[in-house]
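Enquirer: Here's a structure for you.
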Amino acid sequence: MTDVLIGIDTGGTFTDCVVIDAAGRISTAKAPSTPADFSQGVLDSLGLAAERLGLDTRGLLARTARLALGTTVGTNALLQRRGARVGLITTRGHRDVIHIMRGARGVPGLDSALVLHFPESNKPDPPLVPKTLIAEVSERVDCKGDVVVELNEAEAEAAIARLVAKGVEAIAICFLWSFKHPEHERRVKAMAERLAPGLFVCCSVDLVPRWGEYERTAATAINAYLGPVTGRYMDRVGQRVREAGLATPVQVMQCGGGVVPSAQAAARAFLTLDSGPVAGVLASQFLGTVLGQKHVIATDMGGTSFDVGLVHDGAPVASYQSVVHQYEYFVPRIDIRSIGSGGGSIIWLEETSGSLRVGPVSAGAAPGPVCYGRGGTDPTVTDAAVVLGYLDPDYFLGGRLRLDREAAVRSLEPLAGRLGMSVVEAASGAGRVVEHQMADLIRKVTVQKGYDPRDFVVYAYGGAGPVHAAVYAKELGAQGVVVPLGGVCSLWSALGAASADLLHIHESVDIQANPFDPARVAAHFAEIEARGLAQLREDDVAPDAARITRSADMRYRGQINEVEVPVPGGPLDAAALDQVVADFHRRYETLYGAGAGFREARVEMVTMRVRTSAVSTKPALRPAAEEGPAPPSDARVGTRPVYWAELGDFESTPVYWGDKLRPGNVLAGPAIVQVPDTTIVVHPFQSARLDLYGNVLIELHSTPPVPGGARALPRGGR
Amino acid sequence: MADTPHPSSVDGGPYDGVTFPYIPADQLRIDPRLALHRDFTDKIDPITYEVVRHNLWNINEELGMTIQRISGSPVAMYAFDLNSSIFTEDGEFIYYGPYQLYMSGVSDVQVKWTLEHRSANPGIGDGDMFLSNDPWVGAAHQMDVTLLCPVFWEGKLFCWITNVLHQYDVGGITPGSFCPNARDTFDEGILIPPVKIIERGELRRDIEAVYLRASRKPYLVALDLRAQIAGNVTATRRIKALIERYGPDVVKGVMRKIIDTAESAFLQKMARLPDGTFRERSYVEVATVGDRGTYQVLLTMQKQGDRLVFDNAGTAPQVGAINTTYSGWRGSILTAINELLCWDQLYAIGGALRHIEFRPAIGAFTSATHPASVSTAPVQAMEISLYPAYNTLSKMLAGHPELKKDVMCIGGTSQFPLTCFRGIDQWGERFGYLLLDPMVGAIGAFSFRDGIGTGGQVRSPICRIGNVEHNEQSFPLLTLYRRENTDSGGAGTYRGGNSAITAFIPHGTAEMWHETESSGAAIPTAPGLFGGYPACTNAYDFRRDTDVLEWFRRRRIPDDIGELAGTEELLQLRQTDIRQGPADVYEVAFAAGASYGDPLERDPEKVRHDVETGDVSRAAARDLYRVVVVGDEDEPRVDAAATQALRHQAIVERLGREPAPELAARFPVVRHVTECLDLVEDGGQRRLACARCGRALCDARENYKAHTLRIDRPIQASNPLIGEPSRFIDAGVEFRQFHCPHCGGLVENEVCRAGDPLLWDIQLAVE
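Chains G and X supply the protein sequences, listed in that same order.
If you're matching positions, the first sequence starts at -18 in my numbering and goes up one per residue.
If you're matching positions, the second sequence starts at 25 in my numbering and goes up one per residue.
Right, dumping it as structure tokens:
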């Protein structure tokens, strides 16, 4: 009987595995990632998980209905610059599109200090595609999709031959207006496949048929860069789990928020970028559905970054453009925003003002925080957390890494001395600064999308998230904090992969102004729906199991802001499209404020989009029986002194084992809950409760107002 | 410090923003009924300081982002032609937004004018906002509309929030309100000194109607006004939340400390820099249609102890349609000061301004009186006010081993080549707008690496251009090419970034109509530093009745306008009503980044790489860098022996003999002045010496240029893309090169009109 769901997430450091059986029992395993051959880490994590269930890998895989895999292979290839040598073919006259980068120097996504100081600012160096590997071909289509210059096949052949002679491993093709007339790109692709069999070739219209040649070219080039390495990995991991006994195809997590069979993943390799953090948002969506929480701010704080995604009204919030390596590129995905605030962020003194700063420089995983004892010398956020007593030096990562508190203290001493503070005050201050940075990011993410953070619950996961969540959530006025499913919260993306649906996103651009021609709009939707359904058929999904949702990106004519509006399914008539326009006006004003809509202007539809999905079997979470507010005695580790800024001093604070707490248990703050791989910090005047699924819910609003910053600094000290 | 008119100003006054520009005094005359919140505490712990400081920066950044999002116009979304600022209650800069920088630079005087002229009548109260676009009060030009918002706490004026957003059209004789043909400001958009358009939170419809009435696009202007209001409302709410949480004295204390901190950072830098006078000279060409004149700009910066004093005496008198006001001149220079000296304080320039004085030569075309035409100011007179300031500041920084890392050569489009076009578009509707492509810009070289090709505008760090596909959807044109322009950046040890070139034909329409408006087409406006060569000039190229459509039929697209048959037609820099038919090709190339250091000293391997990528042509490699690149296109190689011989020959040509070897016993160096000049001690006397060979050139109180080996060359010798100046102007143009008479090393270049006196660019204050 195959009734087990497996989610695996390959991260930079660990490969996480979550196994859920039909009874809703969850078991987890973490194995070190193996960058030389990531499939080894996958197998190792499966082996460990099987062992915990009293099985071997073969026994586990024999029972497995579905194995979904999140991968960092693409991200890793980009970070280490180990992707393919890419050749790019463009319309003649437009070879520099990817270098010009619309004149923005690739600053989107960079820290503002680097943007303001030009000597530190540069375009990507080396570039993803060097100028010498770009070839131009005469062909031209205009904005209406009419061919102005027929494809010059002789030039195309010469271009391909030249690139092949220069040793490219992949070819990306992006022509102007190709989304209005795909034939030229597809013909060149066919030529390349004929002239250079075995080479990875992709064209823009098959990936992101969107309006804007720079972002489309970048997406195509990134995809070509990642395609070969992703393909090799997929082949390898597929083969190894098949040999180990898995009967179904591996499914691969995509940043769009769904999975696809691994055979399809390499062709659209760019869709695997950031799929790990996206899977975390999916897991939050899944748990939110179980808990009846429709608005969730999903926050993931690891060693080097803090990632935020949103679930609104039960659905993850999407975006259609992203940045990697300074390149802006089109990609339909669940929106994730990041800042470089993690446990590894370095605490430093800004000399001129004598003020304390945190980040954006990070000690990363290597050398890491001082307290890791791996050669780090600059104090980090994690060091501060150790000094304050939040983290137990003997129980970090479940005791796998012993932390050196004294070294952390010493690393903060010079800084504290120059600030005229005690080490503890400096550590506490650093915590406050980083928590404000996180709150700022969340504010931007919510408010700029027209949402009010006070309507949301914060989910906190990742190694460092639950340490700080209660503060940033309170800062935002959020409704509460959920640290999900105890031990699973540090393998959250793996759970997300296990809960993901099969999903294909298809787009079509036809810029048209209202009143819209229903037949023209319907024809576009019919065409892209057919493509999605064809893909699902390839995935062996029965047509009646397919779910189709439509939307359109619209804007006021003459304006730039595009807003995604749902489009009803089925036949489209003028009345249905009038309703779409009305929805657009309403959504626009929600996002940009009442009166912001330019109602005198005509409304344009730019991109039409279809999500074709098939619902996967979801992990079945089973509530346990409530066992009352008092934690069992064996859940209590003891007490340790923890510094609380609210009290201005250390206080002997009870510490609990998270996995021994029982549903219904209530902990009054201050308290510390230790779960494998992370620590939950419950501040004074807050309380925490274990719900029936094993989530720790932190109640924020029982709090008397925290004294303002104007107060004299409390006398602390260690 | 208070600014004062330069003694060379035209007579008259008062300096109240009517005929003469408003120049605020040290002490503002504010009606006593307006209570100012002056209290603050300096007892703020470092953590609270950091949290509140970070919040204030974010509030200002979000103010700009809010306007950008709500406006949704191409000007706001791509060009980021907006900015936001936060000021103290009396108009001192706290934060200066990272968007279109000059716009913040012109905002503090508008706050101060409003305090002085509106505090009694109609009064400044809680919930009010003032709208302003008068360049004599302080705006850059009529289209840059400022919305000034006082923030009150418990009845006292606590601080100011302002934002500026460029409007599509505020009236005047030319659609878009850039009026290259204006006789004076009465031909241009409406002028509005600060008026209370929001009163106690309510938009005054009567005032709004006056504002919108002049515009050809009143709906868009109204929409942008709402974006500006929303930005100020959001920022006000956040500042008040900060005050509620931390208390007014703490928030004000943080504001003061941001300024004080920036002041000490500035003073620390000043203490490390040499005293002296630093000058730069530039020119604007063609003041009005049919004109062939050139108009000198002179910028003098004196550094004495902790003080900087800027003046523009020696700049040509106001003329035609090329002017800016005092505020535009000053606001432009603030951009360069921020980027080169205050970047580490996130552009919190208020502290530095306590030690900087501006002495405008009133009546010069960069400090014009009413009613001069000023609508083109930001793309012309303000750019030409800004870019020389990079060079005066860089020359001051160049000798310091650490601070020279902040040197940046001139970039951007140091004079913007405007392409205004109009007609009926491919959708059958009337259109009229500007080609924004030159915003793609270029960044000049640094003291340790190359500039950034198509790296945008230094005056607007996060601007961008639209895609070709955006342009072709909005306008009836087909872009033949838009790419980086080989050799456009200045040649140097570190190369200036290349800019771009674009060419198009009308498409989907029978014809379109153009107006040009440019300068920097005869005399390059991006001269290099310390032997670096200038970037290219702006260039329009126009060819009528070409065979381009025939090329299309043969499945070919030309790489260059020069490959096409047809009649070449020279476009003047201010030419109106140019008709472009379906086979007429219009090309425009943009000025690029200037360079740092003698191109002869560039690593030949880098030159080879530049040739391989197409950034530099083989001809330029040979002629300017004296590097011999051989081998086929795909595998260029450096011929090291030939290169060495060529480079040696270049030195011999300069000197007419073999160079003298480096001095065995060098004089003790007092300080480095530039890469090429040292201040040395020679038997108790301070002298300037060649940094290469160590030999003395002259007494340190003299202009070193007069003691070098000077070779004058035609300006075309400085960059392969520069053409014959007489096509546009009457004056001759020279590329003067100053070499060490001993070793032949290049010390500096000068770009100027023939006959102009030597510029004393670095005059150190020595005993």
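Ideal placement from N, C-alpha and C gives every residue a C-beta, glycine not left out.
In chain order, what residues of the stretch 572 to 586 of chain G put their CB closer than 7 Å to some CB of chain X?
Expert: From the stretch 572 to 586 of chain G, only Tyr573, Gly574, Gly576, Ala577, Phe579 and Glu581 have a Cβ closer than 7 Å to chain X.
Enquirer: Does X/Asn256 pass the burial test, meaning 16 or more other C-beta atoms within 10 Å, or should it be called exposed?
Expert: Position 232 of the second sequence, counting from 1, holds the residue named residue 256 of chain X. Looking at its Cβ environment, which holds 16 or more other Cβ atoms inside 10 Å, X/Asn256 is buried.
Enquirer: Can you have a look at G/Leu(-3) and say buried or exposed, based on whether 16 or more other CB atoms are within 10 angstroms of its CB?
Expert: Within the first sequence, the letter at position 16 stands for residue -3 of chain G. First, the residue type needs correcting, since residue -3 of chain G is Asp and not Leu in the sequence shown. Classification of G/Asp(-3): buried, given that the 10 Å Cβ count is 16 or more.
Enquirer: Residues bridged to X/Phe154 by DSSP?
Expert: Numbered from 1 along the second sequence, position 130 holds the residue referred to as residue 154 of chain X. In DSSP, X/Phe154 forms a bridge with X/Leu172 and X/Lys220.
Enquirer: Measure the beta-carbon distance from G/Arg528 to G/Ala478 and round it to whole angstroms, keeping in mind my assumption that it falls under 8 Å.
Expert: By 1-based counting over the first sequence, the position of residue 528 of chain G is 547. By 1-based counting over the first sequence, the position of residue 478 of chain G is 497. Between G/Ala478 and G/Arg528 the Cβ distance is about 19 Å, and since that is not below 8 Å, they are no contact.
Enquirer: Which chain G residues sit within Cβ distance under 7 Å of X/Val75?
Expert: Along the second sequence, one-based indexing puts residue 75 of chain X at 51. Near X/Val75 (Cβ distances below 7 Å), the residues of chain G are Arg413, Val414, His417 and Gly690.
Enquirer: DSSP has G/Tyr301 in a bridge; who is on the other side?
Expert: As a working note, residue 301 of chain G is residue 320 in the first sequence. According to DSSP, which records beta bridges pairwise, G/Tyr301 is partnered with nothing at all.
Enquirer: Tell me the DSSP secondary structure of G/Asn57 in three-state form.
Expert: The sequence position of residue 57 of chain G within the first sequence is 76, counting from 1. If DSSP states are grouped into helix, strand and coil, G/Asn57 belongs with the helices.
Enquirer: Around the Cβ of X/Asp35, are there at least 16 other Cβ atoms within 10 angstroms (buried) or fewer (exposed)?
Expert: Taking the second sequence and counting its residues from 1, one reaches residue 35 of chain X at position 11. Its Cβ having fewer than 16 others within 10 Å, X/Asp35 is exposed.
Enquirer: My understanding is that X/Phe804 touches X/Thr186, with C-beta atoms under 8 Å, so please give their C-beta distance in whole angstroms.
Expert: Any answer about residue 804 of chain X is impossible in this case: the structure gives chain X only from 25 up to 791.
Enquirer: Per DSSP, X/Lys327 forms a beta bridge with which residues?
Expert: Against the second sequence, residue 327 of chain X aligns to sequence position 303. X/Gly300 and X/Leu332.
Enquirer: Counting pairs of beta carbons, one from the stretch 233 to 241 of chain G and one from the stretch 304 to 318 of chain G, are three or more of them closer than 8 Å?
Expert: Yes, the stretch 233 to 241 of chain G is in contact with the stretch 304 to 318 of chain G.
Enquirer: So, G/Gly412 versus G/Ala626, is the Cβ gap smaller than 9 Å?
Expert: As a first step, residue 412 of chain G must be located in the first sequence, where it is residue number 431. As a first step, residue 626 of chain G must be located in the first sequence, where it is residue number 645. Yes, the Cβ-Cβ distance between G/Gly412 and G/Ala626 is below 9 Å.
Enquirer: What does X/Glu508 pair with, by DSSP beta-bridge criteria?
Expert: As a position in the second sequence, residue 508 of chain X is number 484, starting the count at 1. The partner list for X/Glu508 (beta bridge, DSSP) reads X/Ala524.
Enquirer: Enumerated in chain order, which unbroken segments of the alpha helix (DSSP H) with a length of 4 residues or greater are wholly contained in the stretch 158 to 198 of chain G?
Expert: As far as the stretch 158 to 198 of chain G is concerned, its whole alpha helix (DSSP H) runs of at least 4 residues are 164 to 176 and 185 to 188.
Enquirer: Report the three-state DSSP secondary structure of X/Trp575 (helix, strand or coil).
Expert: Here the question's residue 575 of chain X lines up with position 551 in the second sequence. Of the three classes helix, strand and coil, the one that applies to X/Trp575 here is helix, per DSSP.
Enquirer: Inspect the CB distances between the stretch 150 to 161 of chain X and the stretch 170 to 189 of chain X and report whether three or more fall short of 8 Å.
Expert: Result yes; three or more Cβ-Cβ pairs closer than 8 Å.
Enquirer: Name the chain G residues whose beta carbon is nearer than 8 Å to that of X/Pro6?
Expert: Because chain X is modelled from 25 through 791, residue 6 of chain X falls outside the range shown and cannot be assessed.
Enquirer: List the endpoints of the continuous beta strand (DSSP E) containing G/Ser326.
Expert: By one-based count along the first sequence, residue 326 of chain G stands at place 345. Start and end: Ser326 to Glu331.
Enquirer: Count the other CB atoms within 10 Å of the CB of X/Gln342; is the residue buried (16 or more) or exposed (fewer)?
Expert: Taking the first residue of the second sequence as position 1, residue 342 of chain X is located at position 318. It counts as buried.
Enquirer: Would you kindly check if the distance between the Cβ of X/Val609 and the Cβ of X/Thr570 is under 9 Å?
Expert: In the second sequence, residue 570 of chain X corresponds to position 546, counting from 1. In the second sequence, residue 609 of chain X corresponds to position 585, counting from 1. Yes, they are a contact pair.
Enquirer: Near G/Gly64, what residues of its chain come up, given a Cβ to Cβ distance below 7 Å and the 5 sequence neighbours on each side ignored?
Expert: By 1-based counting over the first sequence, the position of residue 64 of chain G is 83. Within the same chain, G/Gly64 has close Cβ partners Ala58, Tyr206, Leu207 and Val210.
Enquirer: Any Cβ of chain X within less than 9 Å of the Cβ of G/Ala200?
Expert: Along the first sequence, one-based indexing puts residue 200 of chain G at 219. G/Ala200 does not count as touching chain X.
Enquirer: Consult DSSP for G/Gly257 and reduce its assignment to one of helix, strand or coil.
Expert: Within the first sequence, the letter at position 276 stands for residue 257 of chain G. Helix.
Enquirer: Do you know how far the Cα of G/Ala652 is from the Cα of G/Asp2?
Expert: Along the first sequence, one-based indexing puts residue 2 of chain G at 21. Along the first sequence, one-based indexing puts residue 652 of chain G at 671. In a straight line, the C-alpha of G/Asp2 is about 33 Å away from that of G/Ala652.
Enquirer: Flag this pair as yes or no: are the beta carbons of X/Ala164 and X/Val188 separated by less than 9 Å?
Expert: Reading the second sequence from its first residue, position 140 is the one you call residue 164 of chain X. Reading the second sequence from its first residue, position 164 is the one you call residue 188 of chain X. Yes.
Enquirer: Are there 16 or more other CB atoms within 10 angstroms of the CB of G/Phe579, so buried, or fewer, so exposed?
Expert: Reading the first sequence from its first residue, position 598 is the one you call residue 579 of chain G. Buried, by the Cβ-count rule.
Enquirer: Please check if any C-beta of chain X sits within less than 9 Å of the C-beta of G/His485.
Expert: Sequence index remark: in the first sequence, residue 485 of chain G carries index 504 (1-based). Cβ-Cβ to chain X under 9 Å: no for G/His485.
Enquirer: Listing by chain order, which chain G residues have their CB less than 9 Å from the CB of X/Cys487?
Expert: Stepping through the second sequence from its first residue, residue 487 of chain X is reached at position 463. By Cβ distance, chain G contributes Gly84 and Ala85.
Enquirer: Hey, how far is the Cα of X/Ile739 from the Cα of G/Ala139?
Expert: Within the second sequence, numbered from 1, the residue matching residue 739 of chain X stands at position 715. Within the first sequence, numbered from 1, the residue matching residue 139 of chain G stands at position 158. Distance between the alpha carbons of X/Ile739 and G/Ala139: 40 Å.
Enquirer: If we cut at 9 Å on Cβ distances, does X/His763 have a partner in chain G?
Expert: Here the question's residue 763 of chain X lines up with position 739 in the second sequence. Chain G, which has no Cβ nearer than 9 Å to the Cβ of X/His763, makes this no.
Enquirer: Which residues, in chain order, does the stretch 226 to 246 of chain X contribute to contact with chain G at a C-beta distance below 8 Å?
Expert: Residues passing the 8 Å Cβ filter: Tyr243 and Leu244.
Enquirer: Could you tell me the alpha carbon to alpha carbon distance between G/Phe565 and G/Val544, rounded to whole angstroms?
Expert: Locating residue 565 of chain G in the first sequence gives position 584, where the first residue counts as 1. Locating residue 544 of chain G in the first sequence gives position 563, where the first residue counts as 1. When rounded, the distance between both Cα atoms is 7 Å.
Enquirer: If you scan the stretch 107 to 169 of chain X from start to end, which runs of the beta strand (DSSP E) of 3 or more residues do you find wholly inside it?
Expert: 117 to 120 and 153 to 156, all fully within the stretch 107 to 169 of chain X.
Enquirer: Measuring alpha carbon to alpha carbon, tell me which residue in G/Val428, G/Ala526 and G/Pro350 is nearest X/Ala259.
Expert: Residue numbering aside, residue 259 of chain X sits at position 235 when the second sequence is read from its first letter. Of the listed residues, the one whose Cα sits closest to X/Ala259 is G/Val428.
Enquirer: Given X/His190, which residues of its chain have a CB within under 6 Å of its CB, disregarding the five upstream and five downstream residues?
Expert: Position 166 of the second sequence, counted from the start, is the residue given in the question as residue 190 of chain X. Hits under 6 Å: Val99, Asp105, Met167 and Asp168.
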